[in-house]
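In order, the protein sequence lines correspond to chains W and C. Per this note's numbering: the first sequence = residues 761 to 1023. Per this note's numbering: the second sequence = residues 89 to 498. All C-beta atoms in this analysis are idealised placements derived from N, C-alpha and C, irrespective of residue type, glycine included. Here the structure is a predicted model, which is why all the values come from computation and not from measurement. Encoded as structure tokens, the structure appears first; notes follow it.
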Amino acid sequence: MSRIDARFASLKADGRAAFVTFVTAGDPDYDTSLEILRGLPGAGVDVIEIGMPFTDPMADGPSIQLAGQRALAAGQTMEKTLAMVRAFRQSDDETPIILMGYYNPIYSMGVHPFLAATKEAGADGLIVVDLPPEEDDELCIPANAAGLHFIRLATPTTDEKRLPAVLANTSGFVYYVSITGITGAAAAHADAVAPDVARIKAATDLPVCVGFGIKTPENAAAIAGIADGVVVGSAIVDRIGRGDSPTEVLGFVKSLAQGAHSV
Amino acid sequence: MERPMPEDTLNTFRAGPDERGRFGDFGGRFVSETLMPLILELEGEYEKAKTDTDFWAEMEHMWKHYVGRPSPLYFAERLTDELGGAKIYFKRDELNHTGAHKINNVLGQILLARRMGKKRIIAETGAGQHGVATATVCARYGLDCVVFMGETDVERQKPNVFRMKLLGAQVVPVTSGRATLKDAMNEALRDWVTNVRDTFYCIGTVAGPHPYPAMVRDFQSIIGRETRAQMMEAEGRLPDSLVACIGGGSNAMGLFHPFLDDREVRIIGVEAGGHGVDERMEHAASLTGGRPGVLHGNRTYLLQDDDGQILEGHSISAGLDYPGIGPEHSWLHEMGRVEYVSVTDKEALEAFGLSCRTEGIIPALEPCHALAHVAKLAPTLPADHLLVMNMCGRGDKDIFTVAEALGAEM
């Protein structure tokens, strides 16, 4: 069983929602970023998404755009991002890690070299924003063959007709984007999202996690009540951006985790 | 053994893209899931419109009475004498309403947006020509118009910013990234994802996710179709060569496409070489100085570093200052059907003066790149060689930049 499947199975047995966080690799610099990363499981994080910085993050709002710029300015590269995963795995062999980003840095490295290095480093899955099901043979199918989960985003515009295509070739969990918009935008109300989550759950056995716009422990608790997991990114990245220390960042993450796990 | 020429392996260069929006390996639909349903809807609408005589009747009517088409095919006699070689014709798309070829495409997309019931139009712009064309057609049809423009470009293209505002558009200065055309396009995509249900994204060049590269090409192909007919009338035969400048590549694609299967017609695209195409990467020549990658919805040649991070191009011409190029150009480059060359800022500036002096035409800095190559090529060709250059924009917008480059007081 993969780390992702094992983690969701154990959460389900405990009757808890997964708390999933996003941080950009190398933000604000490699050492600080690794320190934060290593502290996430202890702060209550069940699944970690690590952003691979890209110059042109078209689906991201200002928070994650700036995080990527900080990381790139500090010299982050794909190689260093994979090195961070490797370093994390020395002390934690259970928390699932998902690499999230855009296709060009992967394509530039070469799909097969990237997949081999990712697997070897100890990552478990990929979320690549600009690869819809129509482009599955680019990376999704090779990733599955390499033993990596390819986690898909479903959105409010994913209608009944498209949902089967979005769910095909995906595994691990489904990431439901709660709004039409970019990361860090205004949050959708749990009441408004619940029917969409139910619609997706009716079509798949995979866990459904909800993200985009969740900023406070209260938001996290509300979403945890209607989904299998809650994803928080921009709100954490903002703390890193304003210069909070790793201890302060992890303190905030802990408060979010308590929210997500309170239901 | 010689490498087989493309004509040995392909019946036509005009059949693309395939059903996945690919020209060979280039193109595609590299967009987020939120946009995908809309992209498919747009493709469906465009397929319907393509064969709808009412749609084309309205296009023809507006092209004729609003844009002022057909644009003349003009024999540049004094330039021809000065250069002493090929017989040079200008396709005068700078005479269109709004001063460039951009409106040919905007008109098509806005008519499509109306058919789709979209009331809010967004666009990206670099120099401001596409933004002005979009604001213009939106005013004509009473649609809301929001134009994204890098803050750097807002500052250096003030007259076009004011034009857009006069036409009722909202101009949003983009401060993200490095605040130029590439970032304006990112921001337009972010707006589109957010307002996907009521908004139509009017892309200004032959790039973006399928169907945009094909659709924009089809709307711009009026340039090549007219050129064909006009040259037959003027000279009784097809031209021997075509030259056009390339940023994203819409004016070039529009001129080239109707001639791609006429193998005897030599076709040359001219990229912006900035300070020179070398390892400093201070240019915007994606084909001559970049490599394939994925950005803004399509796979194409891009300026990028070893880690796949996109580089900022440089060109004296804001309209060519883009780190990518339309995917069909990437394919034509690899197939060897079109030759791609580059000229520097300095050569383009010299061509600016040449056009003013010999023909009384103040050209935009974009076609100055094409003209700079013509100035190199024409003297090597015989007097009966018919050469067509696309004069795709007029230079009013550029006089400040040119004055600065020449160190002149306005």
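- With fewer than 16 other Cβ atoms inside 10 Å of its own Cβ, leucine 494 of chain C counts as exposed.
- The beta-bridge partner set that DSSP reports for glutamate 809 of chain W consists of W/Phe782, W/Ile858.
- Between the alpha carbons of proline 455 of chain C and alanine 914 of chain W lies a gap of roughly 44 Å.
- Leucine 126 of chain C and aspartate 919 of chain W have their alpha carbons spaced roughly 11 Å apart.
- When C-alpha distances from glycine 361 of chain C are compared across C/Val426, C/Ser329, C/Glu435, the shortest belongs to C/Glu435.
- Look at leucine 408 of chain C here: in three-state DSSP terms it is helix.
- Under the criterion of beta carbons closer than 8 Å, alanine 827 of chain W and glycine 1001 of chain W qualify as touching, at roughly 6 Å.
- Against chain W, the CB of methionine 303 of chain C has no partner CB under 7 Å away; the residue lies outside that interface.
- Among the residues of chain W, those whose CB is under 7 Å from the CB of asparagine 274 of chain C are Asp816, Met818, following chain order.
- Residues of chain C whose Cβ lies closer than 7 Å to the Cβ of glycine 941 of chain W are, in chain order, Val281, Thr282.
- Taking 7 Å as the cut-off, the beta carbon of glutamine 217 of chain C is found closer than this to the beta carbon of alanine 188 of chain C.
- Within its own chain, the residues whose Cβ lies closer than 8 Å to the Cβ of aspartate 393 of chain C, once the five positions on either side in sequence are excluded, are Leu399, listed in chain order.
- By the Cβ-count criterion, leucine 254 of chain C is exposed, with fewer than 16 other Cβ atoms from all chains shown falling within 10 Å of its own Cβ.
- Lysine 179 of chain C is bridged by DSSP to C/Leu161, C/Asn478.
- Beta-bridge analysis with DSSP links threonine 388 of chain C to C/Gly381.
- Contact between the segment 918 to 936 of chain W and the segment 103 to 114 of chain C is absent, with fewer than three C-beta pairs closer than 8 Å.
- Listed by position along chain W, the residues whose Cβ is nearer than 8 Å to that of phenylalanine 250 of chain C form an empty set, because the closest Cβ is around 27 Å away.
- In this structure, alanine 948 of chain W and isoleucine 939 of chain W form a Cβ contact; the two beta carbons are roughly 5 Å apart against a cut-off of 8 Å.
- Alanine 221 of chain C and glycine 799 of chain W have their C-alpha atoms spaced approximately 53 Å apart.
- Annotation: Cβ neighbours of glutamine 825 of chain W in chain C (cutoff 7 Å, chain order): Ser264.
- Here the alpha carbons of histidine 473 of chain C and glycine 335 of chain C stand approximately 27 Å from one another.
- Put simply, the segment 817 to 832 of chain W touches the segment 784 to 798 of chain W. At least three CB pairs are less than 8 Å apart.
- In summary, no residue of the segment 178 to 199 of chain C has a CB separated from any CB of chain W by less than 7 Å.
- Taking the Cα positions, leucine 167 of chain C is about 56 Å away from proline 902 of chain W.
- DSSP lists W/Leu913, W/Cys969 as the beta-bridge partner residues of tyrosine 935 of chain W.
- For aspartate 409 of chain C and serine 403 of chain C, the gap between their C-alpha atoms comes out near 5 Å.
- In the three-state DSSP reduction, arginine 776 of chain W falls in the coil class, being neither helix nor strand.
- Judged by beta-carbon spacing, aspartate 806 of chain W lies within the 7 Å limit of alanine 778 of chain W, meaning their Cβ atoms are closer than that value.
- For threonine 878 of chain W, the enclosing alpha helix (DSSP H) covers residues 871 to 881.
- Cβ contact annotation for proline 299 of chain C (same chain, cutoff 6 Å, sequence separation greater than five): Glu131, Tyr134, in chain order.
- Proximity of the segment 314 to 323 of chain C to the segment 472 to 490 of chain C meets the contact definition, three or more beta-carbon pairs being nearer than 8 Å.
- Annotation: glycine 377 of chain C has no Cβ neighbours in chain W at a cutoff of 7 Å; minimum Cβ distance is about 16 Å.
- In the three-state reduction of the DSSP assignment, threonine 240 of chain C falls in the helix class, which pools H, G and I.
- Looking at the DSSP output, tyrosine 289 of chain C sits in a beta bridge with C/Ile210.
- Assigned with DSSP and collapsed to three states, valine 249 of chain C falls in helix.
- What glycine 381 of chain C touches in chain W, judged by beta-carbon distance under 8 Å, is Asn864, Tyr867, Ser868, going in chain order.
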